[in-house]
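*Asks:*
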Ligand SMILES: C[S@@+](CC[C@H](N)C(=O)[O-])C[C@H]1O[C@@H](n2cnc3c(N)ncnc32)[C@H](O)[C@@H]1O
């Protein structure tokens, strides 16, 4: 058995992690059901034998590289606690840029929005939390991700979000949306980063796309034209080196006002365009 403080000192065992101390704090908070402030207030609190054994197991799995979010089963996005699992991507802070841009460009209280490849539901639910009057549709191809997004939606009580299984637009028929957003798979199949860090534990269905990672973005930009209302907006997240290529895809597909917004590290991350129906 050990105290909170002694357990936190074991951060040195997490050599591969970028944030070893934080990882241990999050694991201890999860096990104890307490906040990080509590850990600092009660450093001498002793874990009982059962909790200490659970901590040892989680530490071992973290040392083996498993993402902290998979160990705790949750991740916060836009201050919403979301359940996560191996069916889809763990929501990333950079994706909050997409949410911010949508909110800045769309002040209206009524609007129809589609989130393609919703995963945990992160983008759709973040927008739903800010805009109770919006009608939000969220789709994912993977049934387990659809179930996960539905569970997150139900737990948060956002009745104005419908979650459907759909291969991009396949389950939608004649609806038109004022805004379509997506954080689609955009990593090149040969990218060596796929063998490092958290992504090793996330499904390829959430990560990789053909054509240097651009195939899904190309398909979405083309097909969204049928589902956008007049002057509708399309916004996609992409890799920080893909801005130029994505602007080219949007422009070729006939979108106007094409531009790219930066993430918190100042890298090109979200491209948007407006579709003026011919
Ligand atoms: C990069 S993850 C994004 C998840 C979530 N939107 C987020 O930002 O955290 C991409 C998501 O797209 C889904 N996806 C991949 N191909 C798809 C397709 N053809 N149709 C619908 N969803 C798809 C994956 O299952 C995955 O959940």
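Residue numbers (the UniProt record's numbering): 1 to 278.
Every residue, glycine too, gets a C-beta built ideally from N, C-alpha and C.
Please state if the CB of residue 148 and the CB of residue 87 are separated by a distance shorter than 7 Å.
*Replies:* Here residue 87 is taken as the residue at index 87 of the chain shown, counted from 1. Here residue 148 is taken as the residue at index 148 of the chain shown, counted from 1. Yes, the pair counts as a contact, with Cβ atoms nearer than the cut-off.
*Asks:* Between residue 24 and residue 8, how many whole angstroms is the CB-CB distance? I'm expecting something under 8 Å.
*Replies:* The residue you call residue 24 lines up with position 24 of the chain shown. The residue you call residue 8 lines up with position 8 of the chain shown. Indeed they touch by this definition, with Cβ atoms about 5 Å apart.
*Asks:* Please classify residue 221: is it buried, with 16 or more other beta-carbons within 10 angstroms of its beta-carbon, or exposed?
*Replies:* Working through the chain shown from its first residue, we reach residue 221 at position 221. It counts as buried.
*Asks:* Leaving out five residues before and five after residue 283 in sequence, what residues of the same chain have Cβ atoms less than 7 Å from its Cβ?
*Replies:* The requested residue 283 is not part of the displayed model; the chain covers only 1 to 278.
*Asks:* Does the beta-carbon of residue 83, which I'm using as the reference point, lie nearer than 6 Å to any heavy atom of ligand 1?
*Replies:* Here residue 83 refers to the residue found at position 83 of the chain shown. No; taking the cut-off as 6 Å, the Cβ of residue 83 has no heavy atom of ligand 1 nearer than that.
*Asks:* Looking only at DSSP bridge pairs, what is residue 259 linked to?
*Replies:* Indexing the chain shown from 1 puts residue 259 at position 259. Partner(s): 272.
*Asks:* Can you give, in chain order, each stretch of the alpha helix (DSSP H) that sits fully within the stretch 20-64 and has at least 4 residues?
*Replies:* Complete alpha helix (DSSP H) runs here, min 4: 20-32, 36-41 and 49-63.
*Asks:* Residue 127 and residue 102 look like a contact to me (Cβ under 8 Å); what is the Cβ gap, rounded to whole Å?
*Replies:* Translated into positions along the chain shown, residue 127 becomes position 127. Translated into positions along the chain shown, residue 102 becomes position 102. Yes, they are in contact, since the Cβ atoms of residue 127 and residue 102 sit about 6 Å apart, within 8 Å.
*Asks:* What three-state label does DSSP hand residue 165 in the structure shown?
*Replies:* Mapped onto the chain shown, residue 165 falls at position 165. Strand, per DSSP.
*Asks:* Cβ atoms of residue 140 and residue 184: under 7 Å apart, would you say?
*Replies:* What you label residue 184 is simply residue 184 of the chain shown in a count that begins at 1. What you label residue 140 is simply residue 140 of the chain shown in a count that begins at 1. No, the Cβ-Cβ distance between residue 184 and residue 140 is not below 7 Å.
*Asks:* Counting Cβ pairs, one atom from each stretch, are 3 or more of them under 8 Å apart for the stretch 262-269 and the stretch 237-252?
*Replies:* Yes, since at least three Cβ pairs between the stretch 262-269 and the stretch 237-252 fall closer than 8 Å, the two stretches touch.
*Asks:* Exposed or buried, residue 226, counting other C-beta atoms within 10 Å across all chains shown (16 or more means buried)?
*Replies:* As a first step, residue 226 must be located in the chain shown, where it is residue number 226. So residue 226 counts as exposed.
*Asks:* Since residue 156 is in the alpha helix (DSSP H), which residue starts that stretch and which ends it?
*Replies:* By 1-based counting over the chain shown, the position of residue 156 is 156. Element bounds for residue 156: 143-156.
*Asks:* Cβ of residue 141 versus every heavy atom of ligand 1: is any distance shorter than 6 Å?
*Replies:* Against the chain shown, residue 141 aligns to sequence position 141. For ligand 1, at least one heavy atom lies less than 6 Å from the Cβ of residue 141.
*Asks:* Taking Cβ positions, are residue 268 and residue 243 nearer each other than 7 Å?
*Replies:* Here residue 268 corresponds to residue number 268 of the chain shown, with the count starting at 1. Here residue 243 corresponds to residue number 243 of the chain shown, with the count starting at 1. Cβ distance < 7 Å, so residue 268 and residue 243 count as in contact.
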